[in-house]
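See structure below.
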Amino acid sequence: MSNELYQKAIEQVKEEMVPALGVTEPAAIALSAAKAYEVIGGEVKKVTVWVDEGVFKNGFSCAIPGTCEKGNEMAAALGVIAGKPDFGLRVLEDVTEEDVSRAKELIKEGKIEIKVKRGVSDIFIDAIVETDKGKGRAVIKDKHTNIVLVEKDGKEIFKKQLETKTSEGKAFDISRLKLKDLIDIAEHAPYEDISFILEAVRVNDELAQAGKQGEGMELGRGISDLIEEGYLKEDILTYAMAYTGYAVDARMGGVSKPAMSICGSGDHGLVATLPLIAIANKKEIPEEKLVRSILLSYLVTMYIKTFAGRLSAFCGCAVAAGTGSSAGICYLLGGNNEQIGFTIDNMAADITGIICDGGNFGCSLKAVTAASTAILSALLALKNIHIPKDSGIVGNTVEETMQNIGKIASPGMTKTNDVILDIMINRHD
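As structure tokens, this is what we get:
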């Protein structure tokens, strides 16, 4: 494989690997609102934010880091009051109690409105901020930090050309590669070019340690208690489950520490790294091997997300990142190319179909399910125990399997997403 392809793949991973404070959808809403306000300033009269179904769903119930508040309206209000657009997904990093009080007033006065734009397949956020000085607008598309349009009083002051999915040249199209190519990149890329992944190890481990203080639904603590009480055995599987649970507990509970996201999701980033870190810790596996394994985990996750879409009706954290994690675990423990393919097939047959009902405490349960299933699938694959090729959605090739996983999400579960969204909106009303 050419050095140019290595570099394009690595640059794409770097682009996808972003620190995110809290769930990325409310952060993106806050970012768009903050940018819209930045260009106009003044006393806020009205904030209207149009979002796609996936962004609405994922931000509906989740905590805002550093506060005791939840939801999309609060994210938009805080973005206007205290958001720092230059901080990206850490836009609300310096929010104070006074900012929260002011945000609550805006919401109470009916000045914050979140509207759902149906039928949009990619990430879409359109924030319009009206003040005594005029009107500011900021639009985000395709990726959580991708601001494509900024307007002041209807006049365009910034516009970004959207990349087409078929663009050539600098664009890295991972969907054209095969699993063996992804493994080759992970195994042979110069280590000095991929050691940046250690930052994901550090950031996500810090979040897991924070979760031990008792955050979110305290699933990590619950698993640890069950081990102490003798209901569960202390082993690599339960250690990885608790470790992953602690981190997602912290994130969903609103701890003011970032997760290192992948594919626009902090939970994806946690599931794609933490089970591997847990195994490396217990097995005393060298740092470089861990880094290469996480790189493979990221690449497989990115491949599946290319077909599933950034936000969908299935839980990408469990299904896409869980499958990536399983491939990385198999590689970490010495699996060959065929066995890594086996573990992906096993994951497709096992975990595909778990729904996404937005960012909430239930994400901890799904993440722990992903971690345990990823490890089991990999361990079975290492013993050459795998699902046959003529079974269900398992494809004739492992690439076909990964594509089929994506197709289950889109277009397969489009109606499911509509039903989930309707349930959430009706409860809100």
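Mapping of the sequence shown onto this note's numbering: residues 905 to 1333, in sequence order.
All residues carry an ideal CB built from backbone N, CA and C; glycine is no exception.
Note that the structure is a prediction, hence the values are computed from the model and not measured.
In terms of CA proximity to GLY970, LEU982 leads the group VAL959, GLY1226, LEU982, THR1049.
For ARG1041, the enclosing beta strand (DSSP E) begins and ends at 1038 to 1045. ILE1289 is classed as exposed because its beta carbon has fewer than 16 other beta carbons within 10 Å across all chains shown. Counting along the chain, the unbroken alpha helix (DSSP H) around MET1251 starts and ends at 1241 to 1255. Assignment of PRO923 by DSSP, reduced to helix, strand and coil, places it in the strand class. Between the alpha carbons of ALA979 and ALA1271 lies a gap of roughly 24 Å. For GLU957, no beta strand (DSSP E) segment is defined; the enclosing uninterrupted segment is the alpha helix (DSSP H) at 957 to 963. Contact check between the stretch 1166 to 1173 and the stretch 927 to 946: three or more CB pairs, one atom from each, fall below 8 Å, which counts as touching. Cβ-Cβ distances below 7 Å link LEU1123 to GLY1149, ASP1153, SER1268, LEU1269, VAL1272 in the same chain, with the five nearest sequence neighbours on each side left out; the list follows chain order. DSSP lists ILE1166 as the bridge partner or partners of SER1169. If you keep only unbroken beta strand (DSSP E) runs of at least 3 residues inside the stretch 1062 to 1143, you get nothing at all.
Our two residues, SER1314 and SER1025, have alpha carbons roughly 9 Å apart in a direct line. Non-local beta-carbon contacts of ALA1225 in its own chain, meaning distances under 6 Å to residues more than five positions away in sequence, involve HIS1172, VAL1175, ALA1176, THR1205 in chain order.
Secondary structure note for GLU929: its alpha helix (DSSP H) is the uninterrupted segment 928 to 942. Within the same chain, and ignoring the five residues on either side of ASP1097 in sequence, the residues whose Cβ sits closer than 7 Å to its Cβ are ILE914. If you draw a straight line from the Cα of PHE1246 to the Cα of ALA1231, it is about 9 Å long. The beta carbon of LYS1084 lies closer than 6 Å to those of ASN1241 in the same chain, with the five residues before and after it left out.
ALA1151 places its beta carbon 8 Å or farther from that of ASN1185. In this structure ILE1087 touches TYR1235 by the C-beta definition: roughly 7 Å separates them, less than 8 Å. DSSP, read as helix, strand or coil, puts ASP1030 in strand. Excluding five sequence positions before and after LYS1161, the CB atoms of its chain that fall closer than 7 Å to its own CB belong to GLU1110, LEU1111, ALA1114, ALA1154, given in chain order.
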